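Protein chains in written order, with my numbering: chain A, 774 to 1070; chain B, 3 to 273.
Every residue gets a Cβ at the ideal spot worked out from N, C-alpha and C, and that includes glycine.
All of these numbers come straight from a predicted model, not from anything done at the bench.
In what follows, a structure is listed as structure tokens, so that the remarks can point back to it.
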């Protein structure tokens, strides 16, 4: 393989993996956008969705239908999470809620291991054809291509939702100033339930696709942390930012793997996004499209 | 039905409200009435419990005892967003705008409860009445922007605006709800002389103009403006109500004069 081919292959693979990161980052951004909470249980939401899809798929349900079922279960789990854990925290300091998401992450992790065990499970038979698709001179695995397309479609739906519906605006308002929002007739409960439901669903789709690449086990939830650099890069409350951030992190990660691992052997691919995040934050603390909070005194 | 109320009818009745935080009693047995169409002011020294009272009416706090009756209906158990749906709107002492959004989006959020589009129809733009609704919405937005003279800043990010304008936008947002009862918590605090005059004029417009006719509860320290604007005044001191009446009655009430120790003349000069 010559240098040019290697470059483009790395770029494409990066973009496609980035598509999945973008999906998960979306879920993260939605919760932040609506409640100001950094959801540290995002990785667990991802594997729950993935396992649900896998379970139904193994039972013989077609993959698309299995994803739809996982979406519905995600919706229910999202609402339940709000009702059971977060409802009583409305009006409490954000940090408290963030700590609760840490607790949730352990809880969900335990739940997943309890129900599905710790062995790696794979989708059998494979959902996506193993033969890669050729676009021009580029060769792309079809799982990656579908993830990319799904991410873009979800992006359009969510941007539309936030731009054109009253609930979209109301959700942003609740994050900005909860007291004012409820005084204007916005139900905070509804907003949080909707946010968690959307996050569960986006993560579930991402997880289902991801499970098709390397199989599923608990370590996939590490991804929940990996999207943090993506989210930070795009700006914590920007939906397009999450998509761009996800794609960029995917690309950076793959380039690091292709070009840097010979100099820094052992895991540079995994670490590079975080190194990048730290350096990036030094220069753009609000991310590319995040709200700059300016206080006038 | 209580829906069709005349001028002068009892719009809001606050009965014997007790509210304490731990051992600190913020309100002990406050009662007053607000009639439809009037401007009712709540005054009192700092820490008298004025804002706590407003938070009780709007639902942010739940008093331990007492009743809040709005249009003849007990609303004690209702959440703030449910009270907003009944037509109770408010501004805040410390500005609580959505600072990352534009002026127009802030005002639009005030319309939240009036928009019928659900998540699906809103997303797909298939609502039967959506066209009509969008026009109606735009009309009200324009009315408010006109009234408050904020045309030039409509697309500006609120957080970047000077304080006086932010106060104005907050009034606009509260108006967008098309409220029947508007709670104004220190709308003049921190404004300069010119801005005070503007704001006082807006409050009068909102109260008197046929289009709005909004009943107002005004919490304010600026006695000059309070006495000029109000139809009735309630005076609180250390969580207790010490007087209630017309501005004239209040100004000659010895209890009130005593509460404002050192203020021999109730008119606090701003200069």
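With DSSP as the reference, identify every bridge partner of residue i, one or two as the case may be.
i, result
"residue 34 of chain B", "B:16"
"residue 1042 of chain A", "In DSSP, residue 1042 of chain A forms no bridge with anything."
"residue 242 of chain B", "B:239"
"residue 76 of chain B", "B:71"
"residue 58 of chain B", "In DSSP, residue 58 of chain B forms no bridge with anything."
"residue 187 of chain B", "B:221"
"residue 23 of chain B", "B:26"
"residue 992 of chain A", "Per DSSP, none; premise fails for residue 992 of chain A."
"residue 2 of chain B", "Absent from the structure is residue 2 of chain B, since the part of chain B shown begins at 3 and ends at 273."
"residue 908 of chain A", "A:911"
"residue 247 of chain B", "B:235"
"residue 894 of chain A", "A:989"
"residue 104 of chain B", "B:159"
"residue 956 of chain A", "Its beta-bridge partners do not exist; DSSP assigns none."
"residue 90 of chain B", "B:183"
Cβ of residue i less than 7 Å from any chain A Cβ?
i, result
"residue 174 of chain B", "no"
"residue 63 of chain B", "no"
"residue 114 of chain B", "yes"
"residue 83 of chain B", "yes"
"residue 251 of chain B", "no"
"residue 89 of chain B", "no"
"residue 170 of chain B", "no"
"residue 129 of chain B", "Annotation note: pLDDT 48 at residue 129 of chain B (below 50); position unreliable, coordinate value reported separately. So, not an interface residue."
"residue 57 of chain B", "no"
"residue 117 of chain B", "yes"
"residue 98 of chain B", "yes"
"residue 14 of chain B", "no"
"residue 60 of chain B", "yes"
"residue 92 of chain B", "yes"
"residue 86 of chain B", "yes"
Are residue i and residue j close, meaning C-beta to C-beta below 7 Å?
i, j, result
"residue 99 of chain B", "residue 82 of chain B", "no"
"residue 1022 of chain A", "residue 1046 of chain A", "yes"
"residue 235 of chain B", "residue 43 of chain B", "yes"
"residue 822 of chain A", "residue 980 of chain A", "yes"
"residue 11 of chain B", "residue 52 of chain B", "no"
"residue 50 of chain B", "residue 239 of chain B", "yes"
"residue 111 of chain B", "residue 957 of chain A", "yes"
"residue 1003 of chain A", "residue 804 of chain A", "no"
"residue 159 of chain B", "residue 248 of chain B", "no"
"residue 819 of chain A", "residue 1027 of chain A", "no"
"residue 188 of chain B", "residue 221 of chain B", "yes"
"residue 33 of chain B", "residue 54 of chain B", "no"
"residue 1060 of chain A", "residue 1008 of chain A", "yes"
"residue 147 of chain B", "residue 156 of chain B", "yes"
"residue 915 of chain A", "residue 813 of chain A", "no"
"residue 854 of chain A", "residue 843 of chain A", "no"
"residue 166 of chain B", "residue 193 of chain B", "yes"
"residue 871 of chain A", "residue 811 of chain A", "yes"
Within 7 Å of any Cβ in chain B, is that where the Cβ of residue i sits?
i, result
"residue 976 of chain A", "no"
"residue 1057 of chain A", "no"
"residue 1060 of chain A", "no"
"residue 926 of chain A", "no"
"residue 949 of chain A", "yes"
"residue 942 of chain A", "yes"
"residue 953 of chain A", "yes"
"residue 939 of chain A", "yes"
"residue 946 of chain A", "yes"
Report buried or exposed for residue i, applying the criterion of at least 16 other Cβ atoms within 10 angstroms of its Cβ.
i, result
"residue 985 of chain A", "buried"
"residue 113 of chain B", "buried"
"residue 924 of chain A", "buried"
"residue 168 of chain B", "buried"
"residue 152 of chain B", "buried"
"residue 950 of chain A", "buried"
"residue 830 of chain A", "buried"
"residue 143 of chain B", "buried"
"residue 875 of chain A", "exposed"
"residue 1071 of chain A", "Chain A is shown from 774 up to 1070; residue 1071 of chain A falls before or after that span and cannot be answered."
"residue 140 of chain B", "exposed"
"residue 995 of chain A", "exposed"
"residue 257 of chain B", "exposed"
"residue 70 of chain B", "buried"
"residue 21 of chain B", "buried"
Quick one: is the Cβ of residue i within less than 6 Å of any heavy atom of the ligand MN?
i, result
"residue 818 of chain A", "With respect to the ligand MN, the structure shown offers nothing to examine, as it has no ligands at all."
Going along the segment 100-111 of chain B in order, which residues come within less than 9 Å of chain A, judged by CB to CB distance? 100, 101, 102, 103, 107, 108, 110 and 111
Taking a Cβ distance cut-off of 7 Å, strictly less, list which residues of the segment 177-201 of chain B are near chain A, in chain order. 179
Members of the segment 956-977 of chain A that neighbour chain B once the beta carbon cut-off is set at 7 Å: 956, 957, 958, 959 and 960
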